[in-house]
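Numbered per our numbering, the sequence shown spans residues 5 to 483.
Note sheet for the following structure.
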Amino acid sequence: MKKLVYLLPLVCLVSAVSSCSSSESSSLDINKVNLNIINNENLGTVVYDDKDYFIGDIFSFTINEKTYDNKVSYVTINNINYITNSENYFSFEIRSDVNIAINYHQETSDEFVDVNFEDNEQIDMSSEQLILSNKAYINDFIKINYSLSNNYRLANFVLNDDYIISTNSKGEYEFKAMFALNNIKAVILNDGDIDDDIYLDFVNYVGEKEISDIDFSSQNVFKPIDVANISFLMLKNNPSFYVYSFNKAVSKALFITNTQNTNSIFIKNDNGIFKENIAVGDNLKMAERFLNYKENNIDHYQVSGSNVIDYDHATYDINSVATYNNDSYKQHFGVGIDDIFHYKLDRQYELDGEVVIDNIEFENSIVKTNNQYEISLNLNPLSAVGYSTYMTTTTNFEGAPSISYQKEVPTFKDIGIKLILDLNLRPLKFITRETYVVHALMDVDTDSYSKSIFYYEHKDAPSFNESISYDSIYNDINL
């Protein structure tokens, strides 16, 4: 398993994994967070705006030192250490409850210490505060000047592999030279690297260790929803894999029950991405294929009625293509072409307690057994704010029967997930249970059951009208 070497920037933007989720705009019910600051009031005062804080807010604070001898050395924010700067200033975006500890040290007399900028061919680093080429007085504040090669960006600077170097209020990278050797490593990302905030927390936490050597069920840095998020973020960098999925949706209105079975496959290989959905129900037959064999060029073919023979077979019309670029695809379908998971996995979508759907209990937990992790999630219905848009595309198309036409996107009520990962946090399989209301000729309560299975090997996409066998997954909804 490849080791991770990126580290976390102190201030990062929240970005969501939007997998089959909806583009319908809904205001999020964001909860107030708890703020816990541990500080020695005899040594310093923590100054910040005293108000309620919510997920997504920026929290900024400074520390006013009270003594000459005892000075701020670093702060610990949610279990990650940040070396101080000349202003004792820190700022970050809130993603969960905030726990901060202020650490002080007794300053020693003047002496020289070494400052070393670790070689990296993508970045040039220097500082005007250095004496000679690599010396500074202990406890001096060192500003870092840098220039990057094209197509690279800076994630952060790290001091002695243990401390993140944050920026002062002017946005300058600056740190206190506290150690006999102060080794500075630049964390560089290229344009294709993941820069999701939780993911960068994760790579900082992993450092030089193997992912499989860490027990994510016994740590308190990442919540179960974080680990699930990280798993699907890493999956997007996997060059070759495929996923079989099966979904059964049962809708009931008055004395009528409608069952729709949908088989799906997602294939990623060197040629691009191939996706197919075949939906067969009492009132609707629909099949669609997505071909993304050219960058930023997605061909979509959709047929219905007699062109859909059964859950394995459909006949596509090569002249009925609709072509999208990545942006227009996401705007139309509510998801990205490479999105596999159906829900957003930011922390604000995690619900407290448990929900029971289909006699299965879903709560927010992660358990390690038999060299695997099982993650259970109880998700806010707002996590499906794009998946619902994607769902309407299976019924609201030219030629679709009026009985199945949806007047608006479905309204989700309950969402439960159970996800199995290997020790390298690769998804192996997951099940979902959902309850939602379909808004068609009337409002229809619907129960949904699904399962997906992942295979980490090369698979060729089929030729245009070549069928795919779904026997391995058909009607299998148990974990």
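Just so it is clear, CB atoms sit at the ideal spot from N, CA and C, and this is done for glycine as well.
Note that the structure is a prediction, hence the values are computed from the model and not measured.
- DSSP places A257 in the uninterrupted beta strand (DSSP E) bounded by F245 to A257.
- Taken in chain order, the complete beta strand (DSSP E) segments of 3 or more residues contained in the segment 97-159 are 102-110, 116-121, 127-130, 139-141, 145-147 and 149-152.
- By the beta-carbon neighbour count (other beta carbons within 10 angstroms, threshold 16), V225 is exposed.
- Y333 has its alpha-carbon roughly 21 Å from the corresponding atom of Y246.
- In the structure shown, N323 adopts coil according to DSSP, grouped into three states.
- With distances taken between CA atoms, A283 lies nearest to D314 out of N301, D314, L295 and Y72.
- When the beta-carbon positions are compared, L163 and I106 stay at least 8 Å from each other.
- DSSP places K334 in the uninterrupted alpha helix (DSSP H) bounded by N330 to F337.
- According to DSSP, G285 shares a beta bridge with Q264.
- Less than 8 Å divides the Cβ of A181 from the Cβ of D144.
- Here F294 carries a strand assignment [DSSP, helix/strand/coil].
- Between the beta-carbon of I424 and that of L483 there is about 7 Å, and that keeps the pair under the 8 Å contact cut.
- Under the three-state reduction of DSSP, Y52 is assigned to coil, being neither helix nor strand.
- The three-state reading of DSSP puts R437 in strand, counting E and B together.
- In this model, A465 and T436 are separated by some 26 Å (Cα to Cα).
- Per DSSP, the unbroken alpha helix (DSSP H) holding V207 starts and ends at D201 to V210.
- If you look at T450, you'll find it in the beta strand (DSSP E) that goes D447 to Y459.
- Under DSSP, G420 forms a beta bridge with N382 and R437.
- Nearest to I269 by alpha-carbon distance, out of P414, S471 and K147, is S471.
- A straight line joining the alpha-carbon of L429 with that of I146 spans about 38 Å.
- I168 is bridged by DSSP to Y86 and V162.
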